[in-house]
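Notes to accompany the following structure.
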Amino acid sequence: MKNIDGKTMITCFKKGTEVLLTHVDELNALNVFPVPDGDTGSNMASAMLEACRNLDALENNKRDLQSVLEAIESGTLLGARGNSGVILSQIFRGFRQGTKNKKVLKVEDFVLALKSARETAYNAVMKPVEGTMLTVVRILATDADKYVTDDMTEFMQKIWQRSIQVVNNTPKYLQKLRDAGVVDSGAKGFSYIMEGFYRVLNGETAINLNVENVTTGEIVRISQEDLKYLYCTEVMVKTNKDVDIDELRDFYGSIGDSLILVNSAGILKLHVHTNTPGVAIDKALEYGELYKSKIDNMKTQHHQIINASEDMSVPKEKKNYGIIVIADGNGFESIFKSLGVDVVLNGGQSSNPSTAQIKEAVESINAKNILIFPNNSNIIMAANSVKSMTNGKKVMVINTSTVQQGLAALFAFNSQQGLLENEKNFKEALSAVKSIEITKAVRDSQVQDVDVKKDQYISLVDGNIVSSSELIDDVVFEALEKAQADNAEVITIFYGEEINEDEANVLFKECQIRYPSADIELYYGGQPYYHYLISVE
-9 MKNIDGKTMI TCFKKGTEVL LTHVDELNAL NVFPVPDGDT GSNMASAMLE
41 ACRNLDALEN NKRDLQSVLE AIESGTLLGA RGNSGVILSQ IFRGFRQGTK
91 NKKVLKVEDF VLALKSARET AYNAVMKPVE GTMLTVVRIL ATDADKYVTD
141 DMTEFMQKIW QRSIQVVNNT PKYLQKLRDA GVVDSGAKGF SYIMEGFYRV
191 LNGETAINLN VENVTTGEIV RISQEDLKYL YCTEVMVKTN KDVDIDELRD
241 FYGSIGDSLI LVNSAGILKL HVHTNTPGVA IDKALEYGEL YKSKIDNMKT
291 QHHQIINASE DMSVPKEKKN YGIIVIADGN GFESIFKSLG VDVVLNGGQS
341 SNPSTAQIKE AVESINAKNI LIFPNNSNII MAANSVKSMT NGKKVMVINT
391 STVQQGLAAL FAFNSQQGLL ENEKNFKEAL SAVKSIEITK AVRDSQVQDV
441 DVKKDQYISL VDGNIVSSSE LIDDVVFEAL EKAQADNAEV ITIFYGEEIN
491 EDEANVLFKE CQIRYPSADI ELYYGGQPYY HYLISVE
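The numbering used here numbers the first residue of the sequence shown as -9 and each following residue consecutively.
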């Protein structure tokens, strides 16, 4: 093949999405830190899938190359979740900008587009880190001139093969990757996308995007419904007898809605929204052996967007400030709501809201100035992306990396002051708080001179691992020591969904004994993954 036109670009992009989707679990498992933070593959897939939706919406007479690239650019940005999703969107943004209104791309044009992608992606990141997706696009853009040929297929094969080499070398750039014995997940994800491009040019044009992941659009749709049924239940059963599909449809229709029921090749697959997930699973088990199941609480995941959509139906006088907070856990949602926050978006270490969801939240608030507290470093870029998408509203993103920082900054907010004065207040508050995280390691590793064994408790202070132990109290108090809790005025403990109230109260009383001069507070955060989140001020 000599060049790429609009229709070929659609197929290339969709095949890249397909290859990425088949490796999402692998990419999510490539943690560079022994914390359950596996979301890079999901974040990249969210961006790619949203762009595919845009491509599907193009009319047949508007599938020229530039229209296709514009659809990819807008889709990847709106679907972007986390740093990896935003960076990926910027790569495609730069790629489009580098095509200079071309109707088709020859090899030389593709090279120039890669160079533009590199520049745009690097410019989008305040502190670019080598050994990541950025490194792949940089080296491909630098080396592409060496591979110029008249044949686009041959060129793309060399680009893809070079991307694999760069991915395998990412541990040379980052100590964290070397410590964990993995390659960078974002870099590998981008390489998979390049593989998809090559496979199309080499003649493999069939596309299969039949994935189970809920796309951004579907999440928004679900969140705007009145949730009669709370639990999204999915079951796969290996059948050992004949299945009466009609009888099952009647049964599941009586206990839920949004029903999908498939019986094929010895597998019965069920998707249903219900208030009795146990009953739904038990019924499916009448037909065979459980193969896979998943239950999600849709109220917990989407409650904040339901509130936002309900608020939109009630006309309100435009106020000076509106506040959006990203947090994970129904306890934190209640705490932030009690402090006057307008929208609490569900999200955190392994569940990043997309740019589109943050934009929707901004648009739902009738205020002149919108303050966004991301509370996770992986969400800051997506939040900043919203600034250029809103009309008539001033959006300020406060660079909070933890919910503890978010709470400290929020307490420093003064609605009677202007943005500049509040920005100063926020910076002072953030400088005075130390954030402690207590969780379990997901693999053996050595990080920052700390030997970590799988399933040990670990503690982090401001993102740096400081201790590991079989006993949770050991890591808690070692972290408090590192955070100089002896000099603290306030120590606030938030216990997660895996800790019961009695356990939390024991820790609370021990802290009162050890730090008598500090004001000790205990709250239910309800956060997943982290047993305790503690702020020291």
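Glycine included, every Cβ here is placed at the ideal spot set by N, Cα and C. Everything numeric in this text was worked out from a predicted model, so none of it was measured.
Residue burial classification, residue i (beta-carbon count within 10 angstroms, cutoff 16)
| i | result |
| --- | --- |
| SER458 | buried |
| ILE503 | exposed |
| LEU260 | buried |
| GLN407 | exposed |
| GLU49 | exposed |
| LYS93 | exposed |
| ALA47 | exposed |
| GLN147 | buried |
| SER449 | buried |
| LEU280 | exposed |
| MET401 | In the sequence as presented, Met is not what sits at residue 401; that position holds Phe. Exposed, because fewer than 16 other Cβ atoms sit within 10 Å of the Cβ of PHE401. |
| ILE426 | buried |
| GLY268 | exposed |
| VAL138 | exposed |
| ASN320 | buried |
Contact set for residue i: own chain, Cβ-Cβ below 8 Å, skip 5 residues either direction
| i | result |
| --- | --- |
| ARG189 | LYS5 and VAL9 |
| PHE322 | VAL334, VAL393, PHE484, GLY515, GLY516 and GLN517 |
Beta-carbon proximity list for residue i, same chain, < 6 Å, skipping 5 on both sides
| i | result |
| --- | --- |
| HIS521 | ILE428, GLY486, GLU488 and ILE489 |
| ASN374 | VAL387 |
| ASN200 | none |
| THR110 | GLN80, ARG83 and GLY84 |
| SER106 | GLY84, GLN87 and GLY88 |
| GLU413 | none |
| ILE534 | Any property of residue 534 remains undetermined from this structure, which presents the chain solely from -9 to 527. |
| ASP434 | LYS443 and LYS444 |
| ARG551 | Outside the modelled stretch of the chain, which goes from -9 to 527, sits residue 551, for which no answer is possible. |
| THR482 | GLU511 and SER525 |
| THR229 | GLY256, LEU258, TYR277 and GLY278 |
| SER74 | THR30, ASN33, MET34 and GLY176 |
| ALA114 | GLN80 |
Residue i in three-state terms, based on DSSP
| i | result |
| --- | --- |
| THR122 | coil |
| GLU279 | strand |
| THR264 | strand |
| GLN436 | strand |
| LYS358 | strand |
| THR392 | coil |
| MET386 | strand |
| PHE403 | coil |
| THR7 | helix |
| GLU488 | coil |
| TYR522 | strand |
| GLU144 | helix |
| TYR137 | helix |
| GLU381 | Checking the sequence, you will find Asn at residue 381 rather than Glu. It is coil, neither helix nor strand. |
| LEU497 | helix |
| ARG71 | strand |
| ASN342 | coil |
| LEU48 | coil |
| MET(-1) | helix |
| TYR188 | helix |
| ASN477 | helix |
| ASN310 | strand |
Counterpart residues of residue i in DSSP-defined beta bridges
| i | result |
| --- | --- |
| THR30 | Its beta-bridge partners do not exist; DSSP assigns none. |
| ASN336 | ALA317 |
| ILE462 | None, per the DSSP bridge assignment. |
| GLY246 | THR264 |
| MET371 | According to DSSP, which records beta bridges pairwise, MET371 is partnered with nothing at all. |
| PHE363 | VAL315 |
| ASN454 | VAL451 |
| GLU511 | THR482 |
| GLU427 | LEU450 and LEU523 |
| LEU95 | ILE(-6) |
| VAL442 | SER435 |
| ILE285 | THR223 |
Own chain, CB closer than 7 Å to residue i, minus 5 neighbours either side, in chain order
| i | result |
| --- | --- |
| GLU527 | ALA398, ALA422, VAL423, ALA478, GLU479 and VAL480 |
| GLU202 | Low local confidence applies: a pLDDT of 47 at GLU202 is under 50, so the model's placement there is unreliable, and no value is given. |
| VAL376 | THR345, ILE348, LYS349, VAL352 and VAL385 |
| SER303 | In this predicted model, SER303 has a pLDDT of only 42, less than 50, meaning its place in the structure is not dependable; the value taken from the coordinates is given anyway. No residues qualify anywhere along the chain. |
| ASP301 | Summary for ASP301: the model assigns pLDDT 47, below 50, so the residue's position carries little reliability; its value from the coordinates is reported in the next sentence. Here the set comprises SER354. |
| PRO364 | ILE316, ILE370, ALA373, VAL387 and THR390 |
| ILE0 | LEU45, ARG53 and VAL58 |
| GLN438 | ASN454 and ILE455 |
Cβ of residue i within 9 Å of any chain C Cβ
| i | result |
| --- | --- |
| ALA419 | The question asks about chain C, but that chain is absent: this structure has only one protein chain. |
**Asked** Any chance the region 150 to 163 sits against the region 115 to 130, with 3 or more Cβ pairs inside 8 Å?
**Response** yes
**Asked** Do the region 171 to 187 and the region 69 to 79 meet, that is, are 3 or more Cβ pairs less than 8 Å apart?
**Response** They touch, by the three-pair rule.
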